[in-house]
Amino acid sequence: MRDLEKLKKDSLASIEKWKRHGGFIATYKCPFCGEELLSTTPSTEKDEWDTICTCYECGTLHYKVQSKGYVEAFQTEAFQAAGMNDLEFTQWIYNNYTIGDNSMARELLENVLDYAKGMNETEQYTFLRRIIPQVPDGIIRKVSY
Ligand SMILES: [Zn+2]
1 MRDLEKLKKD
11 SLASIEKWKR
21 HGGFIATYKC
31 PFCGEELLST
41 TPSTEKDEWD
51 TICTCYECGT
61 LHYKVQSKGY
71 VEAFQTEAFQ
81 AAGMNDLEFT
91 QWIYNNYTIG
101 DNSMARELLE
111 NVLDYAKGMN
121 ETEQYTFLRR
131 IIPQVPDGII
141 RKVSY
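Residues in the sequence shown are numbered consecutively from 1, following the working numbering.
Structure (structure tokens):
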């Protein structure tokens, strides 16, 4: 597995630090593996944060909404990736993943996705899997391009 142990260690360390400085935290369950996860939350009622993050237990991406002392998590793949068109998909990947080095990333990604358009489903899947390995399997499978 990819550096999950490191991710877990880093996540817990930054949550611990947040807490030490008086920040609120909460536990919630990963919508994929069901493991209990710790998260930072806003410390005031009026704030709400939403993020796409990686579960430090199973490595799956999910979407979470953090409000003071409370976190609600959703399966990203189910409601975000499905039904996206290619522009939305490009934007979504671009927003959520680091691809190449920043200045070139957008153009590079567009070229990659453009190139993938002419392929059949299996070819496309294999190709995208190789070029953007940081995007989870389930998402690439669900977006027919
Ligand atoms: Zn998980």
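Where is the CB? At the ideal position from N, CA and C, for every residue including glycine.
Owing to the predicted nature of the structure, the values given are computational and were not obtained by experimental measurement.
Per DSSP, the bridge partner or partners of residue i
i, result
"W92", "DSSP output for W92 lists no bridge partner at all."
"A26", "S39"
"V61", "Reading the sequence as shown, one finds Leu at residue 61 and not Val. Partner(s): T54."
"E48", "S67"
Residue i - containing beta strand (DSSP E), residue span
i, result
"T122", "That residue, T122, is in no beta strand (DSSP E); its alpha helix (DSSP H) goes 121 to 131."
"F74", "70 to 74"
Same chain, Cβ closer than 8 Å to residue i, five either side skipped, listed in chain order
i, result
"E57", "L4, K8, C30, C33, E35, L37"
"P42", "F24, E48, W49, Q66, S67, K68"
"T90", "L109, E110, L113"
Neighbourhood of residue i by C-beta, 7 Å cutoff - its chain only, sequence neighbours within 5 removed
i, result
"A116", "Q124, F127, L128, Y145"
"I131", "V112"
"A26", "S39, T41, G69, Y70, V71"
Minimum Cβ-Cβ distance from residue i to chain D less than 7 Å
i, result
"I131", "Reference to chain D is not applicable here, since this structure consists of a single protein chain."
Where the alpha helix (DSSP H) containing residue i begins and where it ends
i, result
"E5", "4 to 20"
Own chain, CB closer than 6 Å to residue i, minus 5 neighbours either side, in chain order
i, result
"D50", "V65"
"T54", "L61"
"N120", "none"
- request: Could you tell me whether the stretch 10 to 19 touches the stretch 58 to 75, where touching means 3 or more Cβ pairs closer than 8 Å?
  value: No: fewer than three Cβ pairs fall under 8 Å.
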